[in-house]
Every structure is written in C-alpha cells, then in structure tokens.
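One structure is given here, and the rest of the page talks about it.
Number of protein chains: 2
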Amino acid sequence: MPPTAAPLTAERILEATEDVLRRHGPAKATVVDVARELGVSHGSVYRHFRTKAALREAVIKRWLGRTTETLAGVVEGTGPAPEKLRGWLAALFEAKRHKAGDDPQLFATYSVLVGETSDQVDQHIAILVGQLAVILEEGVRAGEFAPCDIAGRARAVLDATGRFHDPYYAGQWSRPGIDQDFTEVCDLVLRGLRP
Amino acid sequence: MPPTAAPLTAERILEATEDVLRRHGPAKATVVDVARELGVSHGSVYRHFRTKAALREAVIKRWLGRTTETLAGVVEGTGPAPEKLRGWLAALFEAKRHKAGDDPQLFATYSVLVGETSDQVDQHIAILVGQLAVILEEGVRAGEFAPCDIAGRARAVLDATGRFHDPYYAGQWSRPGIDQDFTEVCDLVLRGLRP
C-alpha cells in the first residue's frame, strides 16, 4: 500500500493488521509486516502498539467486540425476556456462523490467535455472561423466568448453547439439521428458565 | 514382550495396540508395531485385522465402548427418570474426566484418532443419544418429563452438556468451579424437561 496523507490512527493500524492476518495467517502480522502494509515506518506503528503482543491483543479485542456490540443491541431492545433471550442466542450463532462462513481463512486465523490468549477468551465469555445476566434479571423481575442465581444460570445458558457459538464447532455450522438442533437446544433452555 | 503360548485373540491384539498407543502416540501403532509388541509375526495380526485402519477402528470402538457400557448400566437401573438422567450425565462426565485425568497421554492420543474417523464419533454419539432417548421415554411415560420429540430432545440434552463430555474441553475438567458449572447446566436441563 502506498504511503497516504491520512493520519495514522490505531483503527487504521488494526484494519491493516486484519488484512495481513487474512492474507498470511497468524504467523505473520508483526509490527514490521503491518508497517509495510501501511507504507509507514515501524516506529510510527510502535507509537500506537508497543509490542506484537499488544497489537494482537487489540486486533482480537476488536474482532470479538464486533460480536458483543451486535448482541448489546439485542440486550437493549424491548419485549419479553424469553423472546429477547432467543433472539440473543440466534444473533450470537448467526454472528459466529457469518464470520466463519464469509471469511473462513480469517476466522481460522482468529481462532488460533484467540486460543493463544486465554485472557481474551475469559474476558469475552465474561461479557457474554454479563449480557445474559441482564436478560435473565429482566425475566425474573417480570415473572417470566424462575428466580435463580443469575450469574450461575447465565453461565449455564452459555455453556448449554456452546455447540452454536464455540469456534471449535464451526465445521458443524453448515451441516443440514444444525438449525433444527439449535432450535431444540433453545427450546430446552427456555423451558428450563420457566418459573 | 516375549512370545507367549496364550492364543492370539483379537482382544489381546487390541490390548497390545493400546499399550503401543500409550507409549508412542497416534503416529505409531501399525500392524507391524503391534506384532512386535506381541512377539508374533505380523501375518498373525493380519488374520484378525486386515489393515491398519481396521485395527484402529477396533481399538477406538473398544475405547469408546468402555464408556457406553458403563452408561448402559445406568440406563438399565431403576428409579425416577429425572434422577436416572442426572446420574447418567454425571457418569458420562466422570468416565471422560477419569480417562483424561488418569492417562492424559492415552486420552490425547485417542482424541486425535477419534477426530480422524468421524464415522466412529457419529456412531458413538448415536449410541449416547439412544441411551438418553430410553431415559426420556421412561420419564415421559411416567409423567415426569413433558411429552416431546424424543430423538430431538435427547440430542439437545447431549448438545447442552457438551462442555462436560466433549474431549475438546478436557483441559477445563480440572478447573475449580467446573463441578458447580456442571450442576448448573444439569439443573437447567432437568428443569427444561419438566412437564
């Protein structure tokens, strides 16, 4: 990419990093590779990200953040908690499946990167469990869900639907019958939340 | 191992294969390796298993069969279906965790082998779903579980508890809090089966 007059923002660096990851896989995407991609000195990238680890953490956070932002929109929506929960689970499955199906190379690359930094996975899971907890609380308050240990049950809902969001299962997401399997698990979970 | 006068049964060959797998990992365990282990000609092993693939299939089937046999005992037991289901899920988690914890090298080796032969995985899952279906049917007949599409719901129960039996998650089975997580998911599933 030729040098450009646009200011070198963290966002531009992260976009370029994603391009490098898409084309070259997880082994590449060092600060030097990204600087070359942007046509800038690696010193100017270092001013934003001091190490390769910091750059990778930021790009993973951005990647996972795209999913949690979409889901936050569902949490903030209106309507009965059971419908909201079903919508949230469907949006999570859809977001992951979309990422895996549209750009399998980038998805595989991110899955490797994410697997290397368990902190990021733990933080991502904590955000998802937190969003579920908000929906569960709404439902319990409205008498739509049974009273429960909210945090524990939110984690249980995430665990119980793992086949439809854990990247490990991405190979199964285009199988015939997977949508039926998803509906069956959602039905079981929703039934389990009833008072 | 020195030659022995004991007759060369399929079972003895499979035991020796497992020893070879334990010590050398999945790359080894060819017919020749196993014959050497037994101190017999590879011709005599070939009389039982015609190819390396046939030998591997048989040893995987035996390995997975140990779990399903234990679980079949739970299915055949007496008592209310909800308790039986909880016992079955606990026995499955325990069997897998036991295998993973006692002999991590062999467990990792088998996980690789099993991953290579998706037919065996599909058959194993079908057996587990079949056992769950028997328990669900009992519960529906006794009015303990809500009427449902038995096969679909049995699969949903297996899917919903995947974190506690899919070998992919073996690294999490010794985490503090995993038993609590397991109980939370079981509670949610059992609640979901109620009429």
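From first to last, the protein sequence lines stand for chains A and B. Everything in the first sequence is counted per the numbering used here, starting at 1 for the first residue and increasing by one. Everything in the second sequence is counted per the numbering used here, starting at 1 for the first residue and increasing by one. Virtual Cβ for every residue (Gly too), placed ideally from N, Cα, C.
Give the list of continuous alpha helix (DSSP H) stretches no shorter than 4 residues that lie fully inside the stretch 100–133 of chain A. 104–116
For Tyr168 of chain A, return the contacting residues in chain B, with the cut-off set at a CB-CB distance below 7 Å. Tyr168
Could you check the C-alpha separation between Leu71 of chain B and Phe93 of chain A for me, to the nearest Å? 31 Å
With H, G and I counted as helix, E and B as strand and the rest as coil, what does DSSP make of Ala8 of chain A? Checking the displayed sequence, the identity of residue 8 of chain A turns out to be Leu instead of Ala. DSSP places Leu8 of chain A in coil when its eight states are reduced to three.
Residues from the stretch 146–166 of chain B in contact with chain A, defined by Cβ distance under 9 Å: Ala146, Cys148, Asp149, Gly152, Arg153, Arg155, Ala156, Val157, Asp159, Ala160, Thr161, Gly162, Arg163, Phe164 and Asp166
Is any non-hydrogen atom of the ligand MN found closer than 7 Å to the C-beta of Ser111 of chain B, if you look at the structure I gave you? The model depicted lacks the ligand MN and carries no ligand whatsoever.
At the level of alpha carbons, what is the spacing between Phe145 of chain B and Asp122 of chain A? 35 Å
Reference Gln180 of chain A; option with closest CA among B:Phe164, B:Arg155 and B:Thr161: B:Arg155
Helix, strand or coil: which one does DSSP assign to Cys148 of chain B? coil
Nearest to Val140 of chain B by alpha carbon, out of B:Pro80, B:Gly130 and B:Ser118? B:Pro80
For Met1 of chain A, does the count of other Cβ atoms within 10 angstroms reach 16, so buried, or fall short, so exposed? Residue placement at Met1 of chain A is poorly supported in this model, since its pLDDT is 49, which falls under 50; the coordinates still yield a value, given next. It counts as exposed.
Shorter than 8 Å from the beta carbon of Glu184 of chain A to some beta carbon of chain B? yes
What does the alpha-carbon distance come out to for the pair Trp63 of chain B and Thr30 of chain B? 17 Å
Straight-line gap, Lys211 of chain B to Ala151 of chain B (C-alpha atoms, nearest Å): No answer is possible for residue 211 of chain B: the residues shown for chain B start at 1 and end at 195.
Judging by CA-CA distance, which residue of B:Leu21, B:Leu14 and B:Gly77 is the nearest neighbour of Asp103 of chain B? B:Leu21
Please confirm whether Leu210 of chain A has its beta-carbon closer than 8 Å to some beta-carbon of chain B. Residue 210 of chain A lies beyond the range of chain A shown here (1 to 195); nothing can be said about it.
Taking only beta-carbon atoms, is Leu188 of chain A less than 8 Å away from chain B? yes
Does the CB of Arg191 of chain B have a neighbour CB from chain A at under 8 Å? yes
My assumption, with CB atoms under 8 Å, is that Ile125 of chain A sits in contact with Leu158 of chain A. Please give the rounded CB distance. 7 Å
Option in A:Leu55, A:Val112 and A:Leu85 with minimal Cα separation from Leu193 of chain A: A:Leu85
Using a Cβ-Cβ cutoff of 8 Å, what residues of the stretch 91–108 of chain B are near chain A? List them in chain order. none
Report yes or no: is there a C-beta of chain A within less than 8 Å of the C-beta of Asp181 of chain B? yes
Just the C-alpha distance for Thr67 of chain B and Ser41 of chain B, rounded to the nearest angstrom, thanks. 32 Å
Can you have a look at Glu18 of chain A and say buried or exposed, based on whether 16 or more other CB atoms are within 10 angstroms of its CB? buried
Arg163 of chain A burial status per 10 Å Cβ neighbour count (16 or more: buried): buried
Spatial neighbours of Gly143 of chain A within its chain, please: CB distance less than 7 Å, with the 5 preceding and 5 following residues excluded, ordered by chain position. Pro195
Within 8 Å, strictly: CB atoms of Tyr168 of chain B and Tyr168 of chain A: yes
Distance CB(Leu188 of chain A)-CB(Arg175 of chain B) smaller than 8 Å: no
Are the Cβ atoms of Lys61 of chain B and Gln120 of chain B separated by less than 8 Å? yes
Pro26 of chain B: which of B:Gln105, B:His165, B:Gly177 and B:Arg191 sits nearest, CA to CA? B:Gln105
Distance CB(Val34 of chain B)-CB(Ala16 of chain B) smaller than 8 Å: yes
Beta strand (DSSP E) segments (min. 3 residues) lying fully within the stretch 59–95 of chain B: none
To the nearest angstrom, how far is it from the Cα of Leu38 of chain A to the Cα of Tyr46 of chain A? 13 Å
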